[in-house]
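For reference, the structure discussed in these notes is given below.
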Amino acid sequence: MHETFFTLAIVWMVGLLGAMVLLASRQRSSADMLMSVDTLGLVICAVLGLYGAIRGEAGYLDAALVLALLSYVQTVAGARFLHHGRTFHDEEDTR
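53 is the number that this note's numbering gives to position 30 of the sequence shown; each next residue is one higher, with no gaps.
Right under this line is the structure:
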């Protein structure tokens with residue numbers, strides 16, 4: 024019963040991934056693209072978590088955690104770049 028529910032959830036999420044890739048490719052502004060890629064990372068983490076729950080292997084959950092952390096760093100760095108127009112390390116900061 025639980026495996027059937029998890030399998031249907033994974034199929035639904037993979038379909039959602041396809042729709043999100045299509046929507047992300049149509050974004051015009053950088054902020055919208057940043058949020059689309061962040062949401063893609065979230066859905067991929069959910070798929071990895073559900074697949075790890077079905078298989079009973081912790082490796083998929085570890086991969087989902089690493090992907091979530093990388094997605095967070097990507098969002099923070101992208102938002103900083105969009106707001107300030109520069110990356111974390113700039114030529115003026117070094118003396």
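Here a beta-carbon is modelled for each residue, glycine too, at the ideal position from N, C-alpha and C.
Would you decide whether LEU71 is buried or exposed? Buried here means 16 or more other CB atoms lie within 10 Å of its CB.
-> Against the sequence shown, residue 71 aligns to sequence position 48. The residue in question, LEU71, is buried, as its Cβ has 16 or more Cβ neighbours within 10 Å.
Rounded separation between ALA87 and THR62 - CA only = Taking the sequence shown and counting its residues from 1, one reaches residue 87 at position 64. Taking the sequence shown and counting its residues from 1, one reaches residue 62 at position 39. Spanning the two alpha carbons is a distance of roughly 14 Å.
Assuming LEU93 and ALA54 form a contact by the criterion Cβ under 8 Å, report the distance between their Cβ atoms to the nearest whole angstrom.
-> Residue numbering aside, residue 93 sits at position 70 when the sequence shown is read from its first letter. Residue numbering aside, residue 54 sits at position 31 when the sequence shown is read from its first letter. The Cβ separation is near 19 Å, so there is no contact.
Return the CA-CA distance between TRP35 and VAL66, expressed in angstroms with no decimal places.
-> For the purposes of this step, residue 35 is identified with residue 12 of the sequence shown, where counting begins at 1. For the purposes of this step, residue 66 is identified with residue 43 of the sequence shown, where counting begins at 1. For TRP35 and VAL66, the distance between alpha carbons rounds to 11 Å.
Express the C-alpha separation of LEU90 and PHE28 in angstroms, rounding to a whole number.
-> Numbered from its first residue, the sequence shown carries residue 28 at position 5. Numbered from its first residue, the sequence shown carries residue 90 at position 67. For the pair PHE28 and LEU90, the Cα-to-Cα distance works out to about 24 Å.
Tell me whether TYR119 is buried or exposed, calling it buried when 16 or more other Cβ atoms sit within 10 Å of its Cβ.
-> No answer is possible for residue 119: it lies beyond the span of the chain, which begins at 24 and ends at 118.
Have a look at ALA81 and CYS68 and give me their C-alpha separation to the nearest angstrom.
-> Translated into positions along the sequence shown, residue 81 becomes position 58. Translated into positions along the sequence shown, residue 68 becomes position 45. For ALA81 and CYS68, the distance between alpha carbons rounds to 13 Å.
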